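Asks:
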Amino acid sequence: MALNVQAYKTEVHNNWCPGCGDFGILNSIQMTFSQMGLEPHRVALFSGIGCAAKTAHYVNVYGTHTLHGRVLSFATGAKLANPGLTVVAVGGDGDGLGIGSGHFVNTGRRNVDITYMIFNNGVYGLTKGQASPTLKLGVQTKSLPQPNINEGVNPALLAFSAGYTFIARGYAFDIPHLIQVVRQGIEHKGSAFIDVLQPCPTYNNLNTKDWYGGLDRKDGNGKALPRVYKLSDEGYDPVIKPGTPADEASQKISKFIGKSLEWGERIPIGVLFKNETTSNYGERLAKRFPLYQSEPPALREIMDAKGRPTADLTSFFEELRVT
Ligand code: SF4
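The letter at position 108 of the sequence shown is residue 535 when you use this note's numbering, and the numbering goes up by one with no holes.
1. Would Ser588 and Asn538 qualify as a contact pair, given that the criterion is a beta-carbon distance under 8 Å?
2. Where does Cys447 land, buried or exposed, given buried means 16+ other C-beta within 10 angstroms?
3. Based on Cα-Cα distance, which residue from Gly549, Arg497 and Ile456 lies nearest to Pro628?
4. Starting from Tyr598, trace the beta strand (DSSP E) both ways and give me its first and last residue.
5. What do you reckon, is the C-beta of Gly547 under 7 Å from a heavy atom of the ligand SF4?
6. Counting pairs of Cβ atoms below 8 Å between the region 506-517 and the region 559-568, do you hit three or more?
7. Can a CB atom of chain B be found closer than 8 Å to the CB of Asp739?
8. Counting C-beta neighbours from all protein chains within 10 Å, is the total for Ser721 16 or more, i.e. buried, or is it exposed?
9. Just verifying my parser: in three-state terms, what is the DSSP assignment at Met428?
10. Does the beta-carbon of Thr493 have 16 or more other beta-carbons within 10 angstroms, so that it is buried, or is it exposed?
11. Skipping 5 residues on each side, what residues in its chain have a beta carbon closer than 7 Å to that of Gly521?
12. Any heavy atom of the ligand SF4 closer than 7 Å to the CB of Leu553?
13. Does the distance from the C-beta atom of Ile606 to that of Gln462 stay below 8 Å?
14. Would you mind working out which of Ile594, Gln573 and Leu584 sits nearest Tyr543, comparing C-alpha positions?
15. Tell me the DSSP secondary structure of Leu585 in three-state form.
16. Can you give the Cα-Cα distance for Leu747 and Thr741, rounded to whole angstroms?
17. On the DSSP letters alone, give me the boundaries of the beta strand (DSSP E) that Leu472 sits inside.
18. Quick one: what does DSSP say Gly448 is sitting in, helix, strand or coil?
19. If we ignore side chains and look at the alpha-carbon of each, how far apart do Gly597 and Lys657 end up?
20. CB of Thr629 to nearest heavy atom of the ligand SF4: below 7 Å?
21. So does the region 723-738 actually touch the region 492-508, counting three or more Cβ pairs closer than 8 Å?
22. Are there 16 or more other CB atoms within 10 angstroms of the CB of Ser706, so buried, or fewer, so exposed?
23. Measure the beta-carbon distance from Val486 to Tyr435 and round it to whole angstroms, keeping in mind my assumption that it falls under 8 Å.
24. What does the alpha-carbon distance come out to for the pair Lys668 and Gly709?
25. With H, G and I counted as helix, E and B as strand and the rest as coil, what does DSSP make of Leu747?
26. Measuring only the C-alpha atoms, how far is Leu584 from Pro695?
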């Protein structure tokens, strides 16, 4: 049952710049939680460092504003300790794909059941607009003295290589669509990655709301020709299910690669890839440690009524004994 969206709002003063795409993403997160009826005390939202990372302060659920590039470590730990939680991690493209790229890759390999949203604006907004890992080679935003000297990474393709089993792209100023995407990411039982196109009007004067909306190019009737379009409008089917024939799966992967590379004139948003055939990390742990399923770490009693520890580590230390 849906809960009132007010339940997910906080009183913390919001200091994002006027017109920032972060506002649309924040609203989408709150409205997704509301529409899914997720009780605030059953949700944990973690963030790294950067403008996007302030989101953790603005959503009334459990969570932590963590360290630069380290958000996925916190989110993974929380989910594995308490699998009953809905865990969402957020951060900027600089945070997640620069210093955090090792964690980004290894979270995909584990296929932990969490949702990771990158607010992708091509710059390090919090520190005055340096080029971030997603800014393409040769691009010069107004915050750069010279064109970008590095090639940009493709977040969707990197996520696929790493093993993420749900890969999507959203747009900060299409909130109804982003809500659907975030909901699907949360419902997916594995590592879900959502690359959210997020205009930063303060430092990125190229990938703006007007540019995504195609206001710089118009048809013969003076109507804007938006760059962003929805994959669902084309009948795109991203899902590989148990039983999908190998050649069909290969075709879907080829289409996914094509859509991930599409940029400029047309930019697809929606679910790009979904693989339902791979076990997630919680399932792998439960197979190896049967107790994990019935008594995950956060639900275990650690002391008796008198505060004495109840854990008996004898067998663990025996395993470590060198003979
Ligand atoms: Fe948003 Fe950019 Fe301002 Fe950061 S610097 S709050 S990303 S507009």
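Even glycine gets a Cβ: it sits at the ideal position worked out from N, Cα and C. Predicted model, so just to flag it, every value in this text is computed and none were measured.
Replies: Quick answer:
1. Taking C-beta atoms as the reference points, Ser588 and Asn538 fail to come closer than 8 Å.
2. buried
3. Gly549
4. Phe593 to Tyr598 is the span of the beta strand (DSSP E), which, as asked, contains Tyr598.
5. The question names Gly, yet the displayed sequence has Asn at residue 547. Asn547 Cβ: outside cutoff for every heavy atom of the ligand SF4.
6. no
7. Absent from the structure is chain B; it holds one protein chain and no more.
8. exposed
9. If DSSP states are grouped into helix, strand and coil, Met428 belongs with coil.
10. buried
11. Gly477, Tyr551, Ser559 and Pro560
12. yes
13. yes
14. Ile594
15. helix
16. C-alpha separation (whole angstroms): 10 Å.
17. Val470 to Ser474
18. coil
19. CA-CA distance, Gly597 to Lys657, rounds to 9 Å.
20. yes
21. yes
22. exposed
23. About 6 Å separates the Cβ atoms of Val486 and Tyr435, confirming a contact at the 8 Å cut-off.
24. Rounded to the nearest angstrom, the two C-alpha atoms are 19 Å apart.
25. helix
26. For Leu584 and Pro695, the distance between alpha carbons rounds to 14 Å.
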